[in-house]
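> The sequence shown begins at 14 in my numbering and counts up by one.
All C-beta atoms, glycine included, are put in the ideal place defined by N, C-alpha and C.
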Amino acid sequence: MSPLPWRRSSCFVVETVRLLTRIRQMESHDEEQCNRAEEEIIIISDLHVSAPQDLLRSLEKTDESLPESYRVNSSDETRLLDVALNFQRQYSHLFPERKALLLCPANECGVKKFVSTTLQPTLSIHPELFTWDGCASFVANFLSLEPLEPPVELPRYLFSSTSVLQSQRATCFEFSSLLCSLLLGANYDAYCVSGYAVREMCLLDQSLQDCPLLDTQAKESGPPPADPLWGLRVHCWVLVLAGSRSVQENFFIDPLTGKSYDTANSNFLGIESVWNDLNYYVNMQDCRNGCTDMLFDLDDVNLWEPVLFGATSRKQLIVDVMKKKESRLLSRMNNDDEEEQQPRAFEMPRSWISPICISKKAVVSVKEWYRHRNDHLEEREVNHVDNFTVERFTRGRRFHLLFHRYAHLSAADTERQMEFSSVRVDGLVRRVEAPGEMTETFEGRDDFLFFRRSVFHPHVQFTDDDVTLKPEEQPPTKVVERFHRNRKRPAGEDVAERVFLLAQRRVEVTYHLEDHRFIPSKRSFIKPRESTEEQKEEQFTADMVSSFQVDPAEQPVQTLALYDMLVVLMEDEKKVLLQIKESQKEVRDIVACRQQEETNIQLLFSPWTTTGAAKAHSQRLEMERVAAEEQRWLQEKEQDLLAPLMMSLDNTETLSPSDAQQLYQNCLQDFKLRLVEQANLIQERYEQETEELQEKQLWYQKNQLNMNQNQKQEYQNYCCMKTLQIHTAKKRLSIHRDSAPQKLRALDQRLKRDARLAPHLLS
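Laid out in structure tokens, this is it:
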């Protein structure tokens, strides 16, 4: 493999260091003369490197609410940019084959900033961020990667860590800036590194690595394919030097994964420069063997050329602080004035970035995205602050579930929220469960129901010893249902809300508001008590209903009509309780299904792929085999009429003549009894329908003078329906009587042809 294009021999490097030192000395005497000598050198910082389109669009609309330091450079920053520009010119002149340095990229406001001032040392208040591995894990999990484009060029933009934390998207340089700021605040001797790495590290491609969640010893399929850009892919990571926070050896941190590596790791192919918040250092060492033989003594100008020559380093800063404290102590003891400080070289300005604030939610909230899962899960968010988990699904999964929010997946008394797609037959779109209640929301139902709230007994303690007190079996004590307006019915008869107070044996009904009315009509029903061993069934009376009619001129409803209303409400109450029980069961089924899916995660296969087509073919063959077995079993059951009767015999393989005759007679007798029973059922149905019609006709004769037009129309419809049912029952009875002898003769012939009975019956 050819060496990297910027690598030079060690002798040449030493000579260039001397030249840089000599030029820097020339700067102190006559900077203008040096600039004139470099007028024809290309300004590398103006070279065009493409940036993501969404970043470019964001730059067109600069947020004026950002601090002034984001939009304007101070005098020290302007001077620093001049120093960096001059350094870049000299660097490109001395090393024309080496790539440009990342010195002054533009920030989110389009203002060029020196990279060292983009670091804002921050000591977090969260204990999770007190160590390097905690900081690295947070940055890797919190941010999403924006790959460099093109991958072999340095970025033109380097956003602040405050903006990166808001968008949660970053390049590898912004990953490293945030991580380095946190490490510096935690008192680590950390530096951002601009260099080159392998393709898998630059693109965060972990497909060839073993999954830590799987217990597998499967070997890799082989080495990755050759990378045509090997050695050219730009990457940024973090260097931590020994000496601070009990760090014994230098090591690298890849900010994209949060993993640490030794400085000789083969994934890192070379280094151009490193920087912290105090200075910027250019690598003067040969990287022909990657970083294996590299030394990280940043004070050695033969190895690392600083941009700010003579500026305070981190080690010098610690020494200066100690000397200053000692000098102050001695001056106080001797009552001497403090020594005047000697003028120092130009120092790095303060960071232009606002203090980095990381919320507690950002530290403990984790988002995960999925694709091609068989359970259709596409996103999961785990929030450890509020202690809840949110799952989002694509369409097409069981129960039409789209959204699931819960505190504990398997707990029965946990708060739970579910949302469903609108294709459900029952129209359910949302269900919220909390301890003691359940709320359901509906859309597009024919009965106009859109809301149901079920309240359960709040004081019952559920234990494992008493099975009857399980939450899923506990009946509600109160059910509230609300309905949309049905324009086909008068407002005074169109139910807007009904409340089933089961513990009080009462039903309250509120109707929709009529036009130009402010108060709706209401009715409250008390259910009669059922009969028991100790008392008779309670009779319905008018005192069991309290009504409020908005229109005083409206005729009061008769007692019989009120009784019919109560009967309908009681029937609806039974249906509602059954639906609530089914909803509770569905919740249990969904939870059990999710638990099973999480323990056995499967990929969603496509029948258009080779693997998917093979799996679909095997599934189809299995389904065909099961269907054929079921069909064969059904045919055998249908054909063998003697099987139930032969179970009483001791020997079913060989039949005696007496056994054959007995089976023949018993089979005919059983068939005759079934024909008679069927005829009796049809006759009973006919008589029942006729009796109900006669009773309704008698009722009509007694109440026809007090009936309104709607009740008369309902009576006519009822009579038509009953007449049709009576006619149908009579017709079925006639057909059955005519076909019974034919069915009996067909059975007789079939039995005489049976191979087990025929020899004995013919003899």
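In chain order, which beta strand (DSSP E) runs of at least 3 residues are fully inside the segment 388-445?
390-396, 401-406, 414-419 and 429-433
> On the CB-based measure, 16 or more other CB atoms within 10 Å of its CB, does Q682 come out buried or exposed?
Position 669 of the sequence shown, counted from the start, is the residue given in the question as residue 682. By the neighbour-count rule (16 or more Cβ atoms within 10 Å), Q682 is not buried but exposed.
> Buried or exposed: M451, going by 16 or more other Cβ atoms within 10 Å of its Cβ?
Counting from 1 along the sequence shown, the entry for residue 451 is found at position 438. By the neighbour-count criterion, in which 16 or more other beta carbons inside 10 Å mark a residue as buried, M451 falls on the buried side.
> Based on DSSP bridge pairs, tell me the residues matched to M451.
The sequence position of residue 451 within the sequence shown is 438, counting from 1. The partner list for M451 (beta bridge, DSSP) reads E446 and S467.
> Compare the C-alpha of V442 against each of H417, H421, S423 and P448 and name the closest.
Walking along the sequence shown from the start, residue 442 turns up at place 429. Nearest C-alpha to V442: H417.
> Give a yes or no on contact between the segment 539-558 and the segment 515-526, applying the rule of three or more CB pairs nearer than 8 Å.
yes
> Could you have a look at R386 and say whether DSSP puts it in helix, strand or coil?
Within the sequence shown, residue 386 is the residue found at index 373, counting from 1. It is a strand residue.
> If you check the beta carbons only, do A447 and E428 fall under 8 Å apart?
For the purposes of this step, residue 447 is taken as the residue at position 434 of the sequence shown. For the purposes of this step, residue 428 is taken as the residue at position 415 of the sequence shown. Remark: C-beta atoms of A447 and E428 approach each other more closely than 8 Å.
> Rounded C-beta distance between E708 and I739? I'm assuming under 8 Å.
Stepping through the sequence shown from its first residue, residue 708 is reached at position 695. Stepping through the sequence shown from its first residue, residue 739 is reached at position 726. Not a contact, Cβ separation roughly 13 Å.
> Is it the case that the segment 142-150 contacts the segment 300-308, given that we only count it when at least three CB pairs across the two stretches are under 8 Å?
no
> Taking only three categories from DSSP, how would you classify F782?
Outside the shown range of the chain (14 to 776) lies residue 782, about which nothing can therefore be said.
> With a threshold of 8 Å, are at least 3 pairs of Cβ atoms found where one atom belongs to the segment 599-609 and the other to the segment 368-381?
no
> Taking 6 Å as the limit between beta carbons, can you name the residues of its chain near A753, skipping five residues before and five after?
Walking along the sequence shown from the start, residue 753 turns up at place 740. Here the set comprises L688.
> Got a sec, what are the start and stop residues for the beta strand (DSSP E) I748 sits in?
The residue given as residue 748 occupies position 735 in the sequence shown. Element bounds for I748: not the beta strand (DSSP E) but the alpha helix (DSSP H), Q722 to K765.
> D426 to C193, Cα distance in whole Å?
Position 413 of the sequence shown holds residue 426. Position 180 of the sequence shown holds residue 193. Cα to Cα, the separation comes out at about 44 Å.
> Just the C-alpha distance for R84 and N120, rounded to the nearest angstrom, thanks.
In the sequence shown, counting from the first residue as 1, residue 84 sits at position 71. In the sequence shown, counting from the first residue as 1, residue 120 sits at position 107. Going by the C-alpha atoms only, they are around 9 Å apart.
> Near E73, what residues of its chain come up, given a Cβ to Cβ distance below 8 Å and the 5 sequence neighbours on each side ignored?
For this step, residue 73 is matched to residue 60 along the sequence shown. In this predicted model, E73 has a pLDDT of only 47, less than 50, meaning its place in the structure is not dependable enough to derive any value.
> Tell me whether S137 counts as near the ligand SAH, meaning its Cβ is closer than 7 Å to at least one heavy atom of that ligand.
Here there are no bound small molecules, and the ligand SAH is not part of this structure.
> List the DSSP bridge partners of K125.
On the sequence shown, position 112 is the one that residue 125 refers to. Answer is A119, bridged to K125.
> How many angstroms separate the CA atom of N289 from the CA atom of S259?
Numbered from 1 along the sequence shown, position 276 holds the residue referred to as residue 289. Numbered from 1 along the sequence shown, position 246 holds the residue referred to as residue 259. Distance between the alpha carbons of N289 and S259 is about 19 Å.
> Is it right to say G244 is buried, meaning 16 or more other beta carbons lie within 10 angstroms of its own, or is it exposed?
Taking the first residue of the sequence shown as position 1, residue 244 is located at position 231. Buried, since its Cβ has 16 or more Cβ neighbours within 10 Å.
> Note the first and the last residue of the continuous alpha helix (DSSP H) segment covering V376.
Counted from its first residue, the sequence shown places residue 376 at position 363. Following the DSSP letters along the chain, one finds V376 inside the alpha helix (DSSP H) bounded by residues K373 to V377.
> Taking C-alpha atoms, which residue in H525, L686, H529 and S87 lies nearest to S364?
The count along the sequence shown starts at 1 and reaches residue 364 at position 351. Ranking H525, L686, H529 and S87 by Cα distance to S364 puts S87 first.
> Buried or exposed, going by whether 16 or more other CB atoms sit within 10 Å of the CB of W382?
Working through the sequence shown from its first residue, we reach residue 382 at position 369. W382 comes out exposed.
> Taking a contact to mean a Cβ-Cβ separation below 8 Å, would you say E527 touches V570 in this structure?
To locate residue 527, count along the sequence shown from 1; it is residue 514. To locate residue 570, count along the sequence shown from 1; it is residue 557. Their beta carbons are not under 8 Å apart, which means E527 does not touch V570 by this criterion.
> Measuring CB atoms only, is the segment 747-765 touching the segment 684-699, in the sense that at least three cross pairs come out at less than 8 Å?
yes
> Check W712 in the structure and name its three-state DSSP category.
For this step, residue 712 is matched to residue 699 along the sequence shown. Note: W712 maps to helix in three-state DSSP.
> Among Q261, L291, Q644 and F309, which has the Cα closest to the Cα of I791?
Because the chain is modelled from 14 through 776, residue 791 falls outside the range shown and cannot be assessed.
> Determine the extent of the alpha helix (DSSP H) in which N777 is found, giving its start and end residues.
Look at the range of the chain in this structure, 14 to 776, and you will see that residue 777 is not part of it.
> Using three-state DSSP, classify P134 as helix, strand or coil.
Here residue 134 is taken as the residue at index 121 of the sequence shown, counted from 1. In the structure shown, P134 sits in coil (DSSP, three-state: anything other than H, G, I, E or B).
> Contact check, N292 vs A324 under 8 Å by CB: the rounded distance?
By 1-based counting over the sequence shown, the position of residue 292 is 279. By 1-based counting over the sequence shown, the position of residue 324 is 311. A Cβ-Cβ separation of about 5 Å places N292 in contact with A324 under the 8 Å criterion.
> What does DSSP give as the partner residues of H248 in its beta bridges?
Your numbering for residue 248 matches position 235 in the sequence shown. By DSSP's assignment, H248 forms a beta bridge with G208.
> Between V211 and the rest of its own chain, which residues show a CB-CB distance below 6 Å, the 5 nearest in sequence each way excluded?
Your numbering for residue 211 matches position 198 in the sequence shown. These residues qualify, in order along the chain: N280.
> Quick check on L770: buried or exposed, where buried means 16 or more other Cβ atoms within 10 Å of its Cβ?
By one-based count along the sequence shown, residue 770 stands at place 757. Residue burial is scored here from C-beta neighbours: L770 has at least 16 other C-beta atoms within 10 angstroms and is therefore classed as buried.
> Please state the DSSP three-state secondary structure of F553.
Numbered from 1 along the sequence shown, position 540 holds the residue referred to as residue 553. In the structure shown, F553 sits in coil (DSSP, three-state: anything other than H, G, I, E or B).
> With a cut-off of 8 Å on the beta carbons, I'd call V522 and K501 a contact; round off their distance for me.
On the sequence shown, residue 522 is found 509 positions in, with the first residue counted as 1. On the sequence shown, residue 501 is found 488 positions in, with the first residue counted as 1. Rounded, the Cβ-Cβ distance is 18 Å, inconsistent with contact.
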